[in-house]
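Peer 1: Sharing a structure, written as structure tokens. Questions coming.
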Amino acid sequence: AQKVTQAQTEISVVEKEDVTLDCVYETRDTTYYLFWYKQPPSGELVFLIRRNSFDEQNEISGRYSWNFQKSTSSFNFTITASQVVDSAVYFCALSEVISSGSARQLTFGSGTQLTVLP
Amino acid sequence: GAGVSQSPSNKVTEKGKDVELRCDPISGHTALYWYRQSLGQGLEFLIYFQGNSAPDKSGLPSDRFSAERTGGSVSTLTIQRTQQEDSAVYLCASRTTGTWEQFFGPGTRLTVL
Numbered sequence: 001a002q003k004v005t006q007a008q009t010e011i012s013v014v015e016k017e018d019v020t021l022d023c024v025y026e027t028r029d030t031t032y033y034l035f036w037y038k039q040p041p042s043g044e045l046v047f048l049i050r051r052n053s054f055d056e057q058n059e060i061s062g063r064y065s066w067n068f069q070k071s072t073s074s075f076n077f078t079i080t081a082s083q084v085v086d087s088a089v090y091f092c093a094l095s096e097v098i099s100s101g102s103a104r105q106l107t108f109g110s111g112t113q114l115t116v117l118p
Numbered sequence: 001g002a003g004v005s006q007s008p009s010n011k012v013t014e015k016g017k018d019v020e021l022r023c024d025p026i027s028g029h030t031a032l033y034w035y036r037q038s039l040g041q042g043l044e045f046l047i048y049f050q051g052n053s054a055p056d057k058s059g060l061p062s063d064r065f066s067a068e069r070t071g072g073s074v075s076t077l078t079i080q081r082t083q084q085e086d087s088a089v090y091l092c093a094s095r096t097t098g099t100w101e102q103f104f105g106p107g108t109r110l111t112v113l
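These protein sequence lines map, in sequence, to chains A and B.
When we follow this note's numbering, the leftmost residue of the first sequence carries the number 1, and every step to the right adds one.
When we follow this note's numbering, the leftmost residue of the second sequence carries the number 1, and every step to the right adds one.
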């Protein structure tokens, strides 16, 4: 069975601080995908990033960066120079790959509520 | 292009009534998923449609829940004899062949009185 753990329920930072959101996962599969989604107060889940299990290269996109470490089963997300607009709930998720190459459903963590104060 | 749309955005019903929730996926997306989000249970998978294959119903919590997808496009999630514990936001997502990320709709907030 798959499991995603986001131990940080709530984080509060002051604008311009850097913040890292932790994600630890469990799976028996050798091929899988990891994701981060953002859920702002409006409620709609917004896709941020996908990473497959064979690609441990870290990725940076603007103020966002992701650190994937297979050895520790972690996929952490860092926001540099946080802004008030970054306030949202962030979800880490895992999806296994079916033999046909398709992807199963997402298994989500419980989410981390990030509040960025002005 | 248009994203995933869901209707209604809000639904209030009385315990014991049936409800239907609708999802219009992104045009051309072959995979469609239903999830629900509630305070106590977080984001839970309900059902998955992939093309013409039989749906994966492994996440449906009881036989009061069912879903269909007509013509490989629009999907309807039906909850019969609603209970108060069915109150949640029901989210629909779609994905196109060859990609892995799912794109979510705005959800339907269901309140069972």
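We put the CB at the ideal spot given by N, CA and C, even for glycine.
Remember, predicted model here, so these are calculated numbers, not experimental data.
What beta strand (DSSP E) runs, 3 residues minimum, are completely inside the stretch 3-72 of chain A?
Peer 2: The stretch 3-72 of chain A contains these whole beta strand (DSSP E) runs: 3-5, 10-14, 19-21, 24-26, 32-39, 46-52, 59-61, 64-69.
Peer 1: Is the CB-CB distance between Ala-93 of chain A and Phe-35 of chain A below 9 Å?
Peer 2: Yes, they are a contact pair.
Peer 1: How would you list, in chain order, the residues of chain A whose beta-carbon sits under 7 Å from the beta-carbon of Pro-106 of chain B?
Peer 2: The answer, in chain order, is Gly-43, Glu-44.
Peer 1: Taking contact to mean at least 3 C-beta pairs separated by less than 8 Å, is the stretch 26-35 of chain A in contact with the stretch 83-97 of chain B?
Peer 2: At 8 Å Cβ cutoff, the stretches do not touch.
Peer 1: Can you pull the DSSP bridge partners for Gln-50 of chain B?
Peer 2: DSSP output for Gln-50 of chain B lists B:Ala-31 as bridge partner(s).
Peer 1: Can you find a CB in chain A that lies within less than 9 Å of the CB of Gln-83 of chain B?
Peer 2: False, the Cβ-Cβ gap to chain A never drops below 9 Å.
Peer 1: When we look at the beta-carbon of Pro-61 of chain B and count the other beta-carbons within 10 Å, is it buried (16 or more) or exposed?
Peer 2: That one is exposed.
Peer 1: How far does the beta strand (DSSP E) with Leu-106 of chain A in it extend, from its first residue to its last?
Peer 2: Careful: Leu-106 of chain A lies outside any beta strand (DSSP E) and carries neither H nor E.
Peer 1: When the Cα atoms are used, what is the spatial distance from Asn-52 of chain A to Glu-59 of chain A?
Peer 2: Using only the alpha carbons, I get a separation of about 12 Å.
Peer 1: Hey, is Ala-88 of chain B's beta-carbon within less than 9 Å of any beta-carbon in chain A?
Peer 2: So, not an interface residue.
Peer 1: Is it the case that the Cβ atoms of Leu-45 of chain A and Phe-75 of chain A are separated by a distance below 9 Å?
Peer 2: No, the pair does not count as a contact, with Cβ atoms beyond the cut-off.
Peer 1: CB-CB under 6 Å to Pro-40 of chain A, same chain, minus the five flanking residues each way: which ones, in chain order?
Peer 2: Answer for Pro-40 of chain A: Ala-88, listed in chain order.
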